[in-house]
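Since the structure comes first, as structure tokens, the remarks are kept for the end.
2 protein chains.
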Amino acid sequence: MNQKLGKASVRPEQPVYILNSGSIVGTKEGQGPLGLLFDTVGEDDMFGCATWEEAESSLQKDAVYLALTKAGLKPEDVSFIFAGDLLGQSIATSFGISAYQIPLLGVYGACSTCGESLTLGTMSIAGGFADKVVCVTSSHFASAEKEFRFPLDYGSQRPLSATWTVTGSGAFVLGNEDALQSMKGSDAGVTGTGRKARARITGMTVGKIVDYGLKDSMNMGACMAPAAASTLEQHFIDYGSQPDDYDKIITGDLGKVGQRVLIDLLRERGYDISTQHMDCGIEIFDGESQDTHAGGSGCGCSAVTLSAYILKQLEERNWKKVLFMPTGALLSKTSFNEGKSVPGIAHALVLESV
Amino acid sequence: MNQKLGKASVRPEQPVYILNSGSIVGTKEGQGPLGLLFDTVGEDDMFGCATWEEAESSLQKDAVYLALTKAGLKPEDVSFIFAGDLLGQSIATSFGISAYQIPLLGVYGACSTCGESLTLGTMSIAGGFADKVVCVTSSHFASAEKEFRFPLDYGSQRPLSATWTVTGSGAFVLGNEDALQSMKGSDAGVTGTGRKARARITGMTVGKIVDYGLKDSMNMGACMAPAAASTLEQHFIDYGSQPDDYDKIITGDLGKVGQRVLIDLLRERGYDISTQHMDCGIEIFDGESQDTHAGGSGCGCSAVTLSAYILKQLEERNWKKVLFMPTGALLSKTSFNEGKSVPGIAHALVLESV
Chain A
1 MNQKLGKASV RPEQPVYILN SGSIVGTKEG QGPLGLLFDT VGEDDMFGCA
51 TWEEAESSLQ KDAVYLALTK AGLKPEDVSF IFAGDLLGQS IATSFGISAY
101 QIPLLGVYGA CSTCGESLTL GTMSIAGGFA DKVVCVTSSH FASAEKEFRF
151 PLDYGSQRPL SATWTVTGSG AFVLGNEDAL QSMKGSDAGV TGTGRKARAR
201 ITGMTVGKIV DYGLKDSMNM GACMAPAAAS TLEQHFIDYG SQPDDYDKII
251 TGDLGKVGQR VLIDLLRERG YDISTQHMDC GIEIFDGESQ DTHAGGSGCG
301 CSAVTLSAYI LKQLEERNWK KVLFMPTGAL LSKTSFNEGK SVPGIAHALV
351 LESV
Chain F
1001 MNQKLGKASV RPEQPVYILN SGSIVGTKEG QGPLGLLFDT VGEDDMFGCA
1051 TWEEAESSLQ KDAVYLALTK AGLKPEDVSF IFAGDLLGQS IATSFGISAY
1101 QIPLLGVYGA CSTCGESLTL GTMSIAGGFA DKVVCVTSSH FASAEKEFRF
1151 PLDYGSQRPL SATWTVTGSG AFVLGNEDAL QSMKGSDAGV TGTGRKARAR
1201 ITGMTVGKIV DYGLKDSMNM GACMAPAAAS TLEQHFIDYG SQPDDYDKII
1251 TGDLGKVGQR VLIDLLRERG YDISTQHMDC GIEIFDGESQ DTHAGGSGCG
1301 CSAVTLSAYI LKQLEERNWK KVLFMPTGAL LSKTSFNEGK SVPGIAHALV
1351 LESV
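Heads up: the sequence lines are chains A and F, in that order. Residue numbers for the first sequence follow our numbering, so the first one is 1 and each next one is one higher. Residue numbers for the second sequence follow our numbering, so the first one is 1001 and each next one is one higher.
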């Protein structure tokens, strides 16, 4: 039986596998420390499109294509797609994945959307409603700045606490044991990493909205850190686990400011994660040479880092078990201009090597 | 076993119950044909708040409160909340339901979000991940006009094909057999409709994005009708069912224009739904006297009509089995201003009397 665990966690009875995945990023991400690991790096950040939003849509389309192709699958082989992005009404998804004609369940959790889509995708498979699903999220530096702050043409200055929205999209094909076996028995995976799953998802903790009243859209890390602390603490309680039980505890895009806040908040609650903590936003850029200040962020940040870097470490068994927790700042320009705070949310998944 | 059915449908092994629900609407909706059926009608459309967006947030908060109270439950009794709205980054949800501190899975499917939240909520229960969850969606005429078209102060004229976004929110407490039994054995439900479930959810068909290339944000009905036709046809195929198998086939907010398009599109595909079809957007307003043109629309339209009217008919066994299909237009002002079309999506649920 699948089971509910504690207040906010669930554990699938049978493991759900990440059969394969795909990542595509922009030029700046390609020049960063993880640049060589991504499946595709664009020549420029328009990706052949007329607008930033269309470019982001094409990122989702390409990431899904990469993930499906590497898994040896066609769009009609998967039951559902769980997809979302940061733009108003999730238009990167609406115009990005429609060509695949896969039944869509749209999700929104700000930059935590990658975690939410994987959580719901895992539930749909472990619940027996699907053999295979796709989860995809994206972000684009230019479309996000326009959506949340100022158009790039204004040349606004960015404080050191600001993060740089990652241009990129990561897609994941999830499957059950049957799907894994049929992949092994086919030509599947030959173009990817081989005829085995990249990792398995063995647990999930769903976050709640946490609002410490911060109102700074240029310091998303501090806005999200309390939510990250809340979900992490709940995860440790629900699973009866400790930071040491994980090779890495990986947040999505807290950046350098948020990382410090998270470690402090958890220390107050009796958990020291300073050894295990890693943040996708800190890994993806070289802050010194790339002028990205606190780090990378966005729906695409954790997704492409998971696909290109984290899953690789799990495959090579450098890490055996990690907690992957994309973090989201529930900001919109409307609520921001109306003087509202920026609440946060974070969803965690336990990923283990196969 | 839960099972996948055909290309896009799923059937839970055990029925999932709508234990109870709540509805709150604005003044115009209160004056409409269904006015006396809603749990709460606001005195004005600001609901004591300073902005339209805050007002919409308070609608979600109140609808969830009504649904939980009528079911005899507290927020901590439910595992997850599946919530969404129409605003950029779903801010009605972000600021509406945070006080409940329920783990949140945010969803976006435009006006189909009510169907999506119920679909995912049902999967989480039928999959064994939760005993009880809440699903809530909302819309507000004034926040929606500002978000998608023009601020009300401009006094823009509305063509006859335009719909009137419903100010309202509907929330639903879903539960499994255990949850139903414990509700029966407690004081639960005494403030609501009694110690039994309002209906059960016995099947679901997940829609895909369908885009016929229409670009008119003042004719959402025509934009959504092809998606409604697609999901309905897929539903009939997956379940091997016919229109006659349902007492009503209920769309969310196609309005009078969309209804005609839907009936025509399905007739071309060999299905005549003209006898069974009902549209929440047509039911909720009296178009002649209320100047609402093609009908009501929005995330709240199907939700409050389900809570106040459809579930009542199922309880009274005037209807035994209906297909409830909220319809969504995947529009944003950004994509619209960039000249993109308005794709549609629709998710269907089979609801049966208990």
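All residues carry an ideal CB built from backbone N, CA and C; glycine is no exception. Predicted, not measured: the structure shown is a model, and the values here were computed from it.
Classification of residue i by the beta-carbon crowding that lies within 10 angstroms, buried from 16 upward
i	result
F/N1020	buried
F/F1150	exposed
F/N1176	buried
A/G22	buried
A/D178	exposed
A/T292	buried
F/K1070	buried
F/M1001	exposed
A/Y246	buried
F/T1337	Position check: residue 1337 of chain F holds Asn in this sequence, whereas Thr was assumed. Flag for F/N1337 reads exposed.
F/Y1154	exposed
A/Q157	exposed
F/T1334	buried
F/S1117	buried
A/N318	exposed
F/K1215	exposed
A/G192	Note that A/G192 scores a pLDDT of 47, beneath 50, so its modelled location is shaky; the value from the coordinates is reported in the next line. Burial call: buried.
F/D1039	buried
F/K1184	exposed
F/V1190	Caution is warranted here: a pLDDT of 45 is assigned to F/V1190, below 50, making its placement in the model unreliable, and the coordinate value is therefore given only provisionally. Exposed: under 16 other Cβ atoms inside 10 Å.
Residues sharing a beta bridge with residue i, DSSP
i	result
A/N20	A/V173
A/M1	DSSP, once it has assigned bridges, lists no residue as partnering A/M1.
A/A329	A/G344
F/S1297	F/T1165
F/I1250	F/M1278 and F/F1324
F/M1204	F/V1010 and F/L1349
A/S377	Because chain A is modelled from 1 through 354, residue 377 of chain A falls outside the range shown and cannot be assessed.
A/A83	A/G106 and A/V136
F/A1199	F/I1018
F/C1111	F/G1109
Contact list for residue i against chain F, beta-carbon separation under 7 Å
i	result
A/P103	A1008, V1206, G1207 and K1208
A/M123	M1123, S1124, G1127 and F1129
A/I345	L1104
A/T327	Those within 7 Å of A/T327 in chain F number zero; the least Cβ separation is about 14 Å.
A/T120	Before going further, note that residue 120 of chain A is Leu rather than Thr in the sequence given. Neighbours of A/L120 on chain F, chain order: L1105 and L1120.
Residue i vs residue j beta-carbon contact at 8 Å
i	j	result
A/P226	A/L265	yes
A/K312	A/I282	no
F/D1252	F/S1302	Reading off the sequence shown, one finds Gly at residue 1252 of chain F, where the question assumed Asp. Yes.
F/S1064	F/I1018	Ser is not the amino acid found at residue 1064 of chain F; the sequence shown has Val there. Not in contact: F/V1064 and F/I1018 (Cβ atoms no closer than 8 Å).
A/C135	A/A171	yes
A/I102	A/F129	no
F/S1057	F/H1235	no
F/L1351	F/V1304	no
A/L330	A/A110	yes
F/G1221	F/G1168	no
F/V1357	F/G1030	There is no way to answer for residue 1357 of chain F, as the model of chain F reaches only from 1001 to 1354.
F/K1248	F/Q1276	yes
F/W1108	A/V107	Per the sequence shown, the amino acid found at residue 1108 of chain F is Tyr instead of Trp. Yes, the Cβ-Cβ distance between F/Y1108 and A/V107 is below 8 Å.
Chain F contact residues for residue i, given Cβ-Cβ distances below 9 Å
i	result
A/T202	Chain F residues near A/T202: none, gap ~14 Å exceeds 9 Å.
A/L87	G1088, Q1089, S1332, T1334 and S1335
Under 7 Å from the C-beta of residue i: neighbouring residues of chain A
i	result
F/K1340	F95
F/M1001	G128
Within chain A, the residues that residue i reaches when beta carbons sit closer than 9 Å
i	result
F/K1004	S79, G128, F129, A130 and D131
F/E1268	Within chain A, no residue comes near F/E1268; the closest Cβ sits about 19 Å away, beyond 9 Å.
Where residue i meets chain F, residues with beta-carbon distance less than 8 Å
i	result
A/Y108	G1084, Q1089, S1090, G1106, V1107 and Y1108
A/T51	E1338
Contact set between residue i and chain A, taken where Cβ atoms lie within less than 8 Å
i	result
F/D1211	S98
F/E1116	L105 and G106
Closer than 7 Å: residue i CB and nearest the ligand NAD heavy atom
i	result
A/V136	Looking for the ligand NAD in the displayed structure turns up nothing, as the structure carries no ligands at all.
When you compare the segment 1083-1093 of chain F with the segment 1126-1142 of chain F, are there three or more beta-carbon pairs, one atom per stretch, that lie closer than 8 Å? Look at the beta carbons and you see the segment 1083-1093 of chain F touching the segment 1126-1142 of chain F: at least three pairs across the two are nearer than 8 Å.
Kindly confirm or deny that the segment 1156-1171 of chain F and the segment 1118-1127 of chain F touch, where touching means at least three C-beta pairs closer than 8 Å. Contact between the segment 1156-1171 of chain F and the segment 1118-1127 of chain F is absent, because fewer than three Cβ pairs lie under 8 Å.
When the Cβ atoms of the segment 1334-1352 of chain F are set against those of the segment 1205-1223 of chain F, are three or more pairs found closer than 8 Å? As far as the Cβ criterion goes, the segment 1334-1352 of chain F touches the segment 1205-1223 of chain F, which means the pair count is three or higher.
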